[in-house]
Amino acid sequence: MSLLLLVRREMRRGSALLLDQIAPRHCPACGGPAGVGALCDPCAQDLERRVAPQCDRCGGPLGLPGARCRGEHRELAGFAFARAPFAYRGSGGAVVRRLKFGHDLLAARFLARAMAREIAAWARGPGRRARVVSVPLHPRKRRQRRIDQAALLADLVAAETGLGLWPGLLCRQRETLPQADPRVVSRAANVAGAFTVRRRSGCPGATLVLVDDVRTSGSTALECGRALRAAGARQLVLLTATQA
Ligand SMILES: [Zn+2]
Ligand SMILES: [Zn+2]
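Here you go:
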């Protein structure tokens, strides 16, 4: 059974037991012994949470309630709002890397729970009919890495929020360099036209939560958003585990 199917089955059952048996409790950021909370104490101190007061649109910190956001909202064209519970610098990025390269299920669960909390109120109210989709990897990269971290996070977020899941809606039709790769001159050009929508028939009028592990410049999300809107999606929300 694949990792994803195993996790999905356990999350649907609401049981954390099996996961804890597979992976005894450890810190999902450094792999050392866990502390009082989910992370060990040094990693907990190094975790940058994005907390209130936040901008309604981009989720960035405002300093004071009602202050004007200095975030770059052009990166969110087509998205109703974006949320990310953690900054990528510090422990947030370390947890993402343990998920991506160490296939750490506790890391996935830690991130997904925090992500679900970000949209919990919306998902119970105006977003209750939304479905969760993920930024896809190219099939070759997925085979190499043996894990599609965004698909796993989307699955867990759907289970945590009770929203529907729409696996494999988007596909990456050509390979792109990682957006942080020094060879990337233009992040927008790197991902331009890279994504297509499968099964467009369910898209018209849909509200979709687009899930990814990291938000960097926003070009990847913009490009996915463009493809989803062209297929008829009405409202899009961007939910990432971290923001660079
Ligand atoms: Zn740690
Ligand atoms: Zn903002």
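Take the numbering used here: the last position of the sequence shown gets the number 262, and nothing is skipped along the way.
We put the beta carbon where it would ideally sit given N, CA and C, even for glycine.
Report all residues from its chain with a CB closer than 7 Å to the CB of VAL8; omit the five preceding and five following residues, and keep chain order.
Missing from the structure shown is residue 8; the chain here goes from 19 to 262 and no further.
Check: GLY250 C-beta below 6 Å from any heavy atom of ligand 2
no
Using 10 angstroms around the beta-carbon of ALA249, count the other beta-carbons present and answer buried if the total reaches 16, otherwise exposed.
buried
Under 6 Å: does the beta carbon of CYS76 sit that close to some heavy atom of ligand 2?
yes
Status (buried if at least 16 other CB within 10 Å, exposed otherwise) for ALA34
Any reading at ALA34 must be qualified, since the residue scores a pLDDT of 47, below 50, and its modelled position is unreliable; the value itself is stated next. It is exposed - the Cβ of ALA34 has fewer than 16 other Cβ atoms within 10 Å.
Are the beta-carbon atoms of LEU129 and VAL113 separated by less than 7 Å?
yes
Could you tell me whether any non-hydrogen atom of ligand 1 is closer than 6 Å to the CB of GLY50?
yes
Within 10 angstroms of the Cβ of MET19, are there 16 or more other Cβ atoms? Answer buried if so, exposed if not.
Unreliable positioning characterises MET19 in this predicted model, as indicated by a pLDDT of 49, which lies under 50. The coordinate reading is nonetheless provided below. Exposed.
Quick one, are the C-beta atoms of ARG101 and HIS91 less than 7 Å apart?
no
Supposed contact pair GLN197 and LEU117 - C-beta distance, whole angstroms, cut 8 Å
That belief does not hold up - the Cβ atoms of LEU117 and GLN197 are roughly 18 Å apart, past 8 Å.
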